[in-house]
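Asks:
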Amino acid sequence: MAGLALVAITAASLVAGSPAGASAQNSDWKNENTDFVQRDGSSLMLNGEQFRASGTNIYWLGLDENVGGVNYPTFFRIKDALDTAAEMGITVVRSHMATSTSQDNADPLALMPALGQYNEQAFRTIDFAVAYAGTLGIRLVLPLTDEWEYYHGGHRDFTTPLGLDADQFYSDPSAITAYQDYVDYILAHTNSITGTRYVDDPTIMAWELGNELEGMTLDWINTQVAHIKHQAPQQLVAAGRRFDIDPDTLAAPDLDIVDVHYYPPTAERVSADAAVVAAADKVYIAGEYASTAATAELMDAAAADPNVSGMFFWSLFGNNDRGAQVQHDDGFTLHYPGDSERAKENVDAIQRYSAATGSKPGHLKLGTPLITAITQNYGINVVAWRGTAGAAEYIVQRSTDGSKWVDVTDTAVSASASPVTDYETPDGAAYRVVPVDADDRRRSASDAVTAPDEGDVLVDPLESWLLTSAHEGADILATPAGGVAAGTKGGTANITWQSEGLTRAKFQVTDPKSAVVSTSVDGTSWTVVPTETIVRGGHSFVEADGLSGSALRLSWRGNGRVERATITSAVETVALFDPLNDFSKTEQHSSNLSFDSSNPSAFGGDASRVKRDSADPASLSWAFDDISGADIDAWYWPDQAITPLTVEGSADGANWTTLQTQTRAGEGNWKPYTYSVDGLTGINHLRVSWPQLPGEIWTPQIGSISLFSPNAAPLTAPGAVELGAPETGAVSVPATPTFSWETAVSAAYYRFELWKTNDPGTLVISATGLIATGYRPALELDPETSYSWQVTAVNGIGSTTSERRGFSTAARPSEPIVVDDFDGYAADADLQAAYVRNTGGGAITPSLTAQDANGSQAARFDYDLGTAGYAGTVNTFGTAQNWWGYSGLTLNVNADVSNSLSVQFVANGAYWEASITPPTNGSQTFTIPFTDFASPSWAPQIDLDLTTVTQYALYINGTGTGTMTIDDVATVVVGR
Numbered sequence: 000m001a002g003l004a005l006v007a008i009t010a011a012s013l014v015a016g017s018p019a020g021a022s023a024q025n026s027d028w029k030n031e032n033t034d035f036v037q038r039d040g041s042s043l044m045l046n047g048e049q050f051r052a053s054g055t056n057i058y059w060l061g062l063d064e065n066v067g068g069v070n071y072p073t074f075f076r077i078k079d080a081l082d083t084a085a086e087m088g089i090t091v092v093r094s095h096m097a098t099s100t101s102q103d104n105a106d107p108l109a110l111m112p113a114l115g116q117y118n119e120q121a122f123r124t125i126d127f128a129v130a131y132a133g134t135l136g137i138r139l140v141l142p143l144t145d146e147w148e149y150y151h152g153g154h155r156d157f158t159t160p161l162g163l164d165a166d167q168f169y170s171d172p173s174a175i176t177a178y179q180d181y182v183d184y185i186l187a188h189t190n191s192i193t194g195t196r197y198v199d200d201p202t203i204m205a206w207e208l209g210n211e212l213e214g215m216t217l218d219w220i221n222t223q224v225a226h227i228k229h230q231a232p233q234q235l236v237a238a239g240r241r242f243d244i245d246p247d248t249l250a251a252p253d254l255d256i257v258d259v260h261y262y263p264p265t266a267e268r269v270s271a272d273a274a275v276v277a278a279a280d281k282v283y284i285a286g287e288y289a290s291t292a293a294t295a296e297l298m299d300a301a302a303a304d305p306n307v308s309g310m311f312f313w314s315l316f317g318n319n320d321r322g323a324q325v326q327h328d329d330g331f332t333l334h335y336p337g338d339s340e341r342a343k344e345n346v347d348a349i350q351r352y353s354a355a356t357g358s359k360p361g362h363l364k365l366g367t368p369l370i371t372a373i374t375q376n377y378g379i380n381v382v383a384w385r386g387t388a389g390a391a392e393y394i395v396q397r398s399t400d401g402s403k404w405v406d407v408t409d410t411a412v413s414a415s416a417s418p419v420t421d422y423e424t425p426d427g428a429a430y431r432v433v434p435v436d437a438d439d440r441r442r443s444a445s446d447a448v449t450a451p452d453e454g455d456v457l458v459d460p461l462e463s464w465l466l467t468s469a470h471e472g473a474d475i476l477a478t479p480a481g482g483v484a485a486g487t488k489g490g491t492a493n494i495t496w497q498s499e500g501l502t503r504a505k506f507q508v509t510d511p512k513s514a515v516v517s518t519s520v521d522g523t524s525w526t527v528v529p530t531e532t533i534v535r536g537g538h539s540f541v542e543a544d545g546l547s548g549s550a551l552r553l554s555w556r557g558n559g560r561v562e563r564a565t566i567t568s569a570v571e572t573v574a575l576f577d578p579l580n581d582f583s584k585t586e587q588h589s590s591n592l593s594f595d596s597s598n599p600s601a602f603g604g605d606a607s608r609v610k611r612d613s614a615d616p617a618s619l620s621w622a623f624d625d626i627s628g629a630d631i632d633a634w635y636w637p638d639q640a641i642t643p644l645t646v647e648g649s650a651d652g653a654n655w656t657t658l659q660t661q662t663r664a665g666e667g668n669w670k671p672y673t674y675s676v677d678g679l680t681g682i683n684h685l686r687v688s689w690p691q692l693p694g695e696i697w698t699p700q701i702g703s704i705s706l707f708s709p710n711a712a713p714l715t716a717p718g719a720v721e722l723g724a725p726e727t728g729a730v731s732v733p734a735t736p737t738f739s740w741e742t743a744v745s746a747a748y749y750r751f752e753l754w755k756t757n758d759p760g761t762l763v764i765s766a767t768g769l770i771a772t773g774y775r776p777a778l779e780l781d782p783e784t785s786y787s788w789q790v791t792a793v794n795g796i797g798s799t800t801s802e803r804r805g806f807s808t809a810a811r812p813s814e815p816i817v818v819d820d821f822d823g824y825a826a827d828a829d830l831q832a833a834y835v836r837n838t839g840g841g842a843i844t845p846s847l848t849a850q851d852a853n854g855s856q857a858a859r860f861d862y863d864l865g866t867a868g869y870a871g872t873v874n875t876f877g878t879a880q881n882w883w884g885y886s887g888l889t890l891n892v893n894a895d896v897s898n899s900l901s902v903q904f905v906a907n908g909a910y911w912e913a914s915i916t917p918p919t920n921g922s923q924t925f926t927i928p929f930t931d932f933a934s935p936s937w938a939p940q941i942d943l944d945l946t947t948v949t950q951y952a953l954y955i956n957g958t959g960t961g962t963m964t965i966d967d968v969a970t971v972v973v974g975r
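Quick note: the sequence shown uses numbering that gives the first Met the number 0, first residue 0, plus one each step.
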C-alpha cells in the first residue's frame, strides 16, 4: 500500500480548470469526420453511399457513476473507451453525456444543476469526448434527456421544480420551454478544444429527443424536431421508447431515426421492427441491445438486412485509471476482448458485424501499459498496472539486472488481473508490463519501474489531479494523447503530493531547468532538495534522492508540462488486520449487523463478511494509535447499485471527519471493491458506514480491513495457521468442499495443498497466492475417498505451515430428489403462489390438471408469449436442495405446440439454464444432463456448484399461445 494521500475526487481533482485554453492547439485535433451523415428515406447516407453504423453505448462520457461515486471521468478513461470502440470497428457511439441535469443543485457537476442554471465546467469532458471521437472518425448520437431518474438526470428535472407532474413534460408550455432552453444551451455551445460549434460538427450525427421516452405525443415530437433542426439543419434527429416502436415516431414527418431497444434481442424481431420502420420511410437503429446477446446468429442476420442502419450494444467500458477495468452493475458490461469465453464470442460477433457493414476492426495501434504502483504486502511485491486499449492480454515481467527479463505470471493475463503478486520478490527487482495483441504478438512494454527493498512506489501520470493534494498555476491540458499537467499562468506553477516516509522522487518534465523539488514535514515550511537532471530516450527527468518528510512539491516556471511523477516512500506495515470473523477487533458495531458465511466461493474464498439486517444506519469502527491509512474490502451484488461506503476518521472517537477514498473494483459473482485511505495524521479511530440509499440491505458486505500505522510491530514470519473446515477426520464431506482457515498474523498470501491419502503421495492440487482464508478447488473430488490438506502462510520474511488434516468424501446419492410432482397442491391458488410469473415475459397461468402420464396430478401452464417471446414462472424453495452427485434432471412434458422449454435453476447464487424442444405433441419424458446446463447470456459465468440449489424456473419460448403440462420433475441418479 503506497503512502500517498488520497484527496477529494471532485471536479477539481479530475479535469477541472478553465474550459477555454486548457487544451492543445486546435491543429492537433484533426477531425476525420468532414461530411455530415444524411438521411435518404429509410437509409443513412455519407458521401453518396449508404452508411450503416456499428454502434455501442458509452453512456458515461460526460458524467460517470462507476468509479468512486458520481464525477467527471478522466480524459484517459474517455480516450481509452473510444480507442477500444475503434478497435472493435465501432463507427457510432451513443452517449448520455448531453443528458446532465438535476434539481436544486442536487448534482452540482451537472450541465444544469438547477432549472435554468448552467455549469460551463461540465462541458470539459463532453468537449474532449466529441473532439477525440472526431480524431478517430467515430460519430455520436446524443440523447438530450431521459425517461428514467438516473444519476445524470431526466425529464422530471424540467417538471418537478415547476410543481408539475412528470407526464406534463410533454404538454405543459412552461416545461416545454424549460426543456428547449436546455437544448438551446447545448446546441449553441462551441467546443473549447476544437473551436467548432456543436451544430457545425459532423461528429455529432444525431440528437435524440431523449432516452426511452414513454409519453411522447405526435405534436410534441414534431415541435421538438423542428426546434432542433432550425438550429442544427445538417444534423439528424432521433426518438424512440424502450422495447417496441412508438407509432408517433413513424408518423412524425421530419423525424429521421427511430430508435428501438432490446433486452434481449432476437434476429427475427430486429428484422421485423426494421421492416416496419423502413416502410414508414424512417431510419431504423437498435439503439440499445444486450451485449450478452451479440451472437453470430443475431449480428450476421442484422448485417444482411439493409433495413438495419445500426446496432448499438449496451454497454462498453475500458481500463480504469489506476489499473484493472471499470466494472458496472447491470449485467451487460462488455470489455475488450471479453472477460469470459462467452464474452469473447460476443466481441467477435460485433467485430464481424462491423466488418460486414463497412468498418475496419482491429486496426488500432497498441499503446503501452503503465505501471501505476508497486506496493509491499508483508514484504512481498505487488505490481499494479493500467492496460492499453486494444490489448488482448498482458505479461508482467521482472528483471534484477535490467537486461534479462522473466515472466512473473505463468501465462498472459487480462487487464482485470491487476494487481499481480510476485511470489519470489528478489531484492533490486524492476518490473514492466508487456501487452499482447489479438494475434498473440507481444508489443512495446511499459516503462520499467524498480521496487525498493523496503518501500512502495507510486506512479502518477498527471492526467488528472486524482493523486495530488494541491496544485497552483497549473491545469490538466487536454491533448489527443489524453491529459497532461501544464503551467497556465506563465508564472510559477506547483503540484503537491502527500506521502508518509518520502525517500525518492522522479519527474518527467519538459523544462528541467526551472524545476524545483521541495519537501515538508508539516506542509507549511518547505526545504528545497538537490536534484539531478537526466535525459533518456528524448525525455528529461528530474530526480531527487534521500528525501524525508510527508509532503512533496514540484515547482516550475512558465507553461512547461509535467508528464509523470514517480514517488517512492517507506513501506507501511499493517498494524491491525481484521478478517471480520467476529467483532472482537472492532471498537464499536451497530446492533443491526451480523455475519454472512454462506457461499464463500462467490466471495473469492472469503468465509465471513459483515452485512446489514435492516436498512437502519449501520457502521463499524476500530481504534489504533496514529492510523496512517486503511484498506477496506467490500463485496457488491452485481444487479444492485454500487453505492460507496463512507469512511471517517477521528482523533478522539467523538468528532468525525469524512475521509476521501480511492476505490479499486474487480470481477466476480459478487463484485469485490477495495476502498483505500492514505496519508492520514492525527487519526486514532476509523469508522466505516453503509450507504443510506435504496437497495437490498444485504449488499454491500464488508469482508476485511487493514489498518496501517507507524506504530506497527516490526515484520516477522507469519503466525500460526489454524485450520477450520473440514475438521479432522470428517466423513461424508461433499465432493466440492470449501476449505477454510483462520487468518495468520502477517501473512502476505497462502499456499493450499491437497493430497489423496488412499493413494499415498498423490498431490491432487497445489494453489498459491491465495489472499482469502478460504478456497474451493475447481475440481470435483472422488466419492468415498480419503484426502488430506494443509495451508502454508507466506510473507517476505518466511513461511509457517499448518498441521496436515485428513477427511473422507461422501458417497453419491442412490435415490432421486423429487423437485416437484405437483401432487401436494390442494388448489390452483396454492400452485400459483409457488410458481410466480416473471412479469418481464408474456402472460402465463399455472393450474392443476389430472391429465398426467402417471394418472396423478400435474401442472398445466396456459401461456400467451406476446411480443416478449417468452413466458415463465419461478419456484423458490423454502429450503435449499442439494443436487450434488446427480447427473441431471428429468421431467414429463405434454405440449400442444413445438415451442421450446427452458429449465433454469439457481445454484450457489448463480443461474444455469438448458432448453428442450418437444419434437411432437403429447406426453414425453426428457432427461437433461447437468452438463447441458450453461449460464444464461445475461448472468455471470462461474463453476457449477449443485450443493445449494435455491430456485428453479420454467420458461416457454417462441411465439403465439398454447398450453404446456409439466409433471414429475426430479434429479437423476448416476447410472440410471
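In this text, a Cβ means the ideal position worked out from N, Cα and C, and glycines have one as well.
Give the C-beta separation of residue 258 and residue 274 to the nearest angstrom, bearing in mind that I take them to be a contact with Cβ-Cβ under 8 Å.
Replies: In the sequence shown, counting from the first residue as 1, residue 258 sits at position 259. In the sequence shown, counting from the first residue as 1, residue 274 sits at position 275. No, residue 258 and residue 274 are not in contact; Cβ-Cβ is about 16 Å, not under 8 Å.
Asks: Considering only their Cβ atoms, is the gap separating residue 372 from residue 433 smaller than 8 Å?
Replies: Within the sequence shown, numbered from 1, the residue matching residue 433 stands at position 434. Within the sequence shown, numbered from 1, the residue matching residue 372 stands at position 373. No. Outside cutoff.
Asks: Is it buried or exposed for residue 232, if we count other Cβ within 10 angstroms and need 16 for buried?
Replies: Stepping through the sequence shown from its first residue, residue 232 is reached at position 233. Burial call: exposed.
Asks: Could you check what DSSP says for residue 159 in three-state terms: helix, strand or coil?
Replies: Translated into the one-based positions of the sequence shown, residue 159 becomes position 160. DSSP places residue 159 in helix when its eight states are reduced to three.
Asks: If residue 135 and residue 48 are in contact, beta carbons under 8 Å, what's the gap, nearest whole angstrom?
Replies: As a first step, residue 135 is located in the sequence shown; it is residue number 136 there, counting from the start. As a first step, residue 48 is located in the sequence shown; it is residue number 49 there, counting from the start. Rounded, the Cβ-Cβ distance is 20 Å, inconsistent with contact.
Asks: Out of 807, 957 and 674, state which residue places its alpha-carbon closest to the alpha-carbon of residue 842.
Replies: Here residue 842 refers to the residue found at position 843 of the sequence shown. Cα-wise, what sits closest to residue 842 is 957.
Asks: Going by C-alpha to C-alpha distance, which of 242, 882 and 798 sits closest to residue 812?
Replies: Position 813 of the sequence shown, counting from 1, holds the residue named residue 812. Nearest C-alpha to residue 812: 882.
Asks: For the candidate residues 201, 214, 198 and 195, whose alpha-carbon lies nearest to that of residue 164?
Replies: Position 165 of the sequence shown, counted from the start, is the residue given in the question as residue 164. Among 201, 214, 198 and 195, the Cα nearest to that of residue 164 is on 214.
Asks: How would you label residue 57, buried or exposed, when you count the other beta carbons within 10 angstroms and need 16 or more for buried?
Replies: Position 58 of the sequence shown, counted from the first residue, corresponds to residue 57. Buried, because 16 or more other Cβ atoms sit within 10 Å of the Cβ of residue 57.
Asks: Nearest to residue 525 by alpha carbon, out of 533, 531, 516 and 532?
Replies: What you label residue 525 is simply residue 526 of the sequence shown in a count that begins at 1. Comparing Cα-Cα distances from residue 525 to each of 533, 531, 516 and 532, the minimum goes to 516.
Asks: Just the C-alpha distance for residue 757 and residue 698, rounded to the nearest angstrom, thanks.
Replies: As a first step, residue 757 is located in the sequence shown; it is residue number 758 there, counting from the start. As a first step, residue 698 is located in the sequence shown; it is residue number 699 there, counting from the start. So the alpha carbons of these two residues sit roughly 43 Å apart.
Asks: From residue 361 to residue 389, what does the alpha carbon distance come to, in whole angstroms?
Replies: Taking the first residue of the sequence shown as position 1, residue 361 is located at position 362. Taking the first residue of the sequence shown as position 1, residue 389 is located at position 390. Between residue 361 and residue 389, the C-alpha separation is close to 8 Å.
Asks: Using the three-state DSSP reduction, which class does residue 452 fall into: helix, strand or coil?
Replies: Locating residue 452 in the sequence shown gives position 453, where the first residue counts as 1. Of the three classes helix, strand and coil, the one that applies to residue 452 here is coil, per DSSP.
Asks: Provide the residue(s) that pair with residue 769 in DSSP beta bridges, ordered along the chain.
Replies: Here residue 769 refers to the residue found at position 770 of the sequence shown. Note: residue 769 sits in a beta bridge opposite 749.
Asks: Three Cβ pairs or more, each shorter than 8 Å: is that satisfied between the region 319 to 338 and the region 375 to 390?
Replies: Counting Cβ pairs under 8 Å, three or more are found: they touch.
Asks: Report back the beta-carbon spacing between residue 100 and residue 110 to the nearest angstrom; my notes put them in contact at under 8 Å.
Replies: As a working mapping, residue 100 is identified with position 101 in the sequence shown. As a working mapping, residue 110 is identified with position 111 in the sequence shown. That belief holds up - the Cβ atoms of residue 100 and residue 110 are roughly 7 Å apart, short of 8 Å.
Asks: Taking only the alpha-carbon atoms, compute the straight-line gap between residue 870 and residue 315 and give it to the nearest angstrom.
Replies: Counting from one through the sequence shown, the residue named residue 870 turns up at place 871. Counting from one through the sequence shown, the residue named residue 315 turns up at place 316. Distance between the alpha carbons of residue 870 and residue 315 is about 29 Å.
Asks: Figure out for me which residue from 86, 775, 545 and 736 has the closest Cα to the Cα of residue 350.
Replies: On the sequence shown, residue 350 is found 351 positions in, with the first residue counted as 1. With distances taken between Cα atoms, residue 350 lies closest to 86.
Asks: Give the secondary structure of residue 330 by DSSP, where H, G and I count as helix, E and B as strand, and everything else as coil.
Replies: Taking the first residue of the sequence shown as 1, we reach residue 330 at position 331. Residue state, collapsed to three classes: coil.
Asks: For residue 970, is the classification buried or exposed, using 16 other Cβ atoms within 10 angstroms of its Cβ as the cut-off for buried?
Replies: The residue labelled residue 970 in the question sits at position 971 within the sequence shown. Buried.
Asks: Looking at C-alpha atoms only, which residue of 592, 914 and 98 is the closest neighbour of residue 614?
Replies: Mapped onto the sequence shown, residue 614 falls at position 615. Comparing Cα-Cα distances from residue 614 to each of 592, 914 and 98, the minimum goes to 592.
Asks: For residue 661, is the classification buried or exposed, using 16 other Cβ atoms within 10 angstroms of its Cβ as the cut-off for buried?
Replies: The residue given as residue 661 occupies position 662 in the sequence shown. Buried, because 16 or more other Cβ atoms sit within 10 Å of the Cβ of residue 661.
Asks: Please list the segments of the beta strand (DSSP E) lying wholly inside the region 284 to 323, counting only runs of 3 or more residues, in order along the chain.
Replies: With a minimum length of 3 residues, the continuous beta strand (DSSP E) runs that stay inside the region 284 to 323 are 307 to 313.
Asks: Which complete beta strand (DSSP E) runs does the region 232 to 284 hold, if anything under 3 residues is left out?
Replies: Correct list: 235 to 238 and 256 to 261.
Asks: Whole angstroms are fine: how far does the CA of residue 702 sit from the CA of residue 664?
Replies: Counting from one through the sequence shown, the residue named residue 664 turns up at place 665. Counting from one through the sequence shown, the residue named residue 702 turns up at place 703. Those two C-alpha atoms are separated by around 14 Å.
Asks: Could you tell me which of 450, 793, 789 and 809 sits nearest to residue 802, measuring between CA atoms?
Replies: Numbered from 1 along the sequence shown, position 803 holds the residue referred to as residue 802. When only C-alpha atoms are compared, the closest one is 789.
Asks: Classify residue 963 as buried or exposed, calling it buried when 16 or more other Cβ atoms lie within 10 Å of its own Cβ.
Replies: Along the sequence shown, one-based indexing puts residue 963 at 964. Residue 963 is buried by the Cβ-count criterion.
Asks: Sort 285, 740, 132 and 655 by Cα distance to residue 265 and report the nearest one.
Replies: Walking along the sequence shown from the start, residue 265 turns up at place 266. Closest by alpha carbon: 285.
Asks: What is the rounded straight-line gap between the Cα of residue 975 and the Cα of residue 953?
Replies: On the sequence shown, position 976 is the one that residue 975 refers to. On the sequence shown, position 954 is the one that residue 953 refers to. Near 24 Å, if we compare the C-alpha coordinates of residue 953 and residue 975.
Asks: In whole angstroms, give me the CA-to-CA distance for residue 187 and residue 291.
Replies: For the purposes of this step, residue 187 is identified with residue 188 of the sequence shown, where counting begins at 1. For the purposes of this step, residue 291 is identified with residue 292 of the sequence shown, where counting begins at 1. Straight-line Cα distance between these residues: approximately 38 Å.
Asks: Are residue 113 and residue 102 close, meaning C-beta to C-beta below 8 Å?
Replies: Working through the sequence shown from its first residue, we reach residue 113 at position 114. Working through the sequence shown from its first residue, we reach residue 102 at position 103. Yes, they are a contact pair.
Asks: Could you give the DSSP three-state label for residue 588: helix, strand or coil?
Replies: Taking the first residue of the sequence shown as 1, we reach residue 588 at position 589. It is a strand residue.
Asks: Whose C-beta lies closer than 7 Å to the C-beta of residue 359 among residues of the same chain, with five residues either side of it excluded?
Replies: Here residue 359 is taken as the residue at index 360 of the sequence shown, counted from 1. So the qualifying residues of the chain are 88.
Asks: Using only alpha-carbon positions, find the residue among 552, 531, 539 and 430 that is nearest to residue 467.
Replies: By one-based count along the sequence shown, residue 467 stands at place 468. Ranking 552, 531, 539 and 430 by Cα distance to residue 467 puts 552 first.
Asks: If you draw a straight line from the alpha carbon of residue 782 to that of residue 809, how long is it in whole angstroms?
Replies: For the purposes of this step, residue 782 is taken as residue 783 along the sequence shown, with counting starting at 1. For the purposes of this step, residue 809 is taken as residue 810 along the sequence shown, with counting starting at 1. Approximately 5 Å between the Cα atoms of the pair.
Asks: Do you know how far the Cα of residue 333 is from the Cα of residue 819?
Replies: Along the sequence shown, one-based indexing puts residue 819 at 820. Along the sequence shown, one-based indexing puts residue 333 at 334. When rounded, the distance between both Cα atoms is 38 Å.
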